[in-house]
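Presented below is the structure to which this report refers.
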Amino acid sequence: MHATLPLLASTRFPTIRRHALETLQVNLGYRCNQSCVHCHVNAGPRRTEEMDAANVEAVIRFLQASPRVGTLDLTGGAPELNRHFRHLVTQARELGRSVMDRCNLTILEEPGQEGLAEFLAARQVTVVASLPCYLEENVDQQRGKGVFEASISALRHLNRLGYGQPGNPLQLNLVYNPQGATLPPPQAALEADYRRSLESRFGVVFNSLFTLANMPIQRFGSTLISKGEFNRYMGLLKSAHSDANLPTVMCRSLISVDWQGYVYDCDFNQQLGLGVPAGQPRIHLSEITASDVEHRPIRVADHCYGCTAGQGSSCGGALS
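Here the sequence shown stands for residues 180 to 499, where the numbers follow the numbering used here.
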């Protein structure tokens, strides 16, 4: 695995600060039932990192003390593989928080996960589901043989429960990543293609499509270096940078928490080990409140251009 931080640390990315904190994004662990080429977390079946019960309780206490933080955004790996996933979701919903599950879809088909989709529906959890293409060949090439078929089966299951159906509050949003070192195409046009193809071929419906740029870190960044494409890709991101995307990048309203409970400005900084504040010991979620991170400078490096290139890219899709 090639380290990318030495290639990213020196940067001219604009200075930015966080606004009010609206979203707590929590990485519940790096274990996953897939090993995707584009994964910025380097997740996979052999990873063992997992948030323990004490840190899950720290997340719940933070939410209790931070009523303005309206959304709990759960990610991984496959966050559902964490043994405390359902407890955390249940507690957050009882506190009146919205919960997002960043789901790879195939986890719903895994042995031991029976009833997971029903659990999510009963608690009105928003499902943000990764589906990097509407064509089987492209998905299986990026995520592994048989992933597309399992993903379609999972989507149909979610649709039967009401997810993505017109007039139903259960939200099902899909996520697209490019196959390689390119920027995502325009989100609206691609969403129309997804909608047309998935409904006509499989009867699958959904609410929205989010397009995300691949980040030049971890597994994808290492692949770029191995292929001699790292500098070209960084040049592409920088040349496509737009200042208009800066007000709405996700880190302006979000903090990221790793599986050990430590705080970062975003999930990408987490994977690079760029804690907050710079040059000081790591801060644990149990040591802060929302007001401690609001209106504070955000640590930036060259990978941040991945969020401001073209239409912009965030956990909620295109920014413009």
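Yeah, the Cβ is synthetic: ideal placement off N, Cα and C, and Gly gets one too.
Throw me the rounded Cβ distance for the residue i and residue j pair, which I believe falls under 8 Å.
i    : j    : result
T183 : P395 : 6 Å
L377 : V383 : 4 Å
L260 : G208 : 7 Å
R411 : A488 : In fact, because the Cβ distance is near 13 Å, the residues do not count as touching under 8 Å.
F381 : N352 : So it is not a contact: roughly 17 Å between Cβ atoms.
Y443 : L453 : 7 Å
Y355 : P290 : Not quite, the Cβ-Cβ distance comes to about 28 Å (not below 8 Å), so this is no contact.
Quick one: residues in its chain with C-beta nearer than 7 Å to the C-beta of residue i, no 5 flanking neighbours on either side, listed in chain order?
i    : result
T285 : N212, Q213, V326, A329, S330 and A333
Nearest CA to the CA of residue i: which residue from the options?
i    : options                   : result
R272 : A232, A188, C483 and I239 : I239
C486 : L314, D471 and N448       : N448
R197 : D481, Q490 and I477       : I477
M230 : H336, F409, R210 and M413 : R210
P460 : T269, Y441 and D446       : Y441
A300 : P311, H336 and E408       : H336
N347 : G294, Y373 and N386       : N386
Q292 : C312, Q490, F264 and Q344 : F264
What span of residues does the alpha helix (DSSP H) with residue i cover, start to end?
i    : result
N317 : E315 to R322
S376 : Q366 to F381
T183 : Careful: T183 lies outside any alpha helix (DSSP H) and carries neither H nor E.
N393 : It is not in any alpha helix (DSSP H) - N393 carries neither H nor E in the DSSP assignment.
D446 : D446 to L451
R272 : F264 to E273
Flag this pair as yes or no: are the beta carbons of residue i and residue j separated by less than 9 Å?
i    : j    : result
A419 : L362 : yes
I195 : R339 : no
V428 : T190 : no
V205 : V455 : no
D481 : M413 : yes
Q344 : T305 : no
S309 : N283 : yes
Relative to the ligand NAP, is the shortest distance from any of its heavy atoms to the C-beta of residue i smaller than 8 Å?
i    : result
L369 : Absence of the ligand NAP is noted for the structure shown, with no ligands found whatsoever.
Near residue i, what residues of its chain come up, given a Cβ to Cβ distance below 6 Å and the 5 sequence neighbours on each side ignored?
i    : result
R281 : T254 and V307
F192 : V479 and C483
R135 : Here the chain covers residues 180 to 499 and nothing more, so residue 135 does not appear.
Ignore the nearest five residues each way along the sequence and tell me which others in residue i's own chain have a CB closer than 8 Å to its CB.
i    : result
T269 : R302
T250 : E201, T202, L203, R276, S277, V278 and M279
L425 : P193, I195 and T487
Ends of the beta strand (DSSP E) at residue i?
i    : result
A308 : T305 to S309
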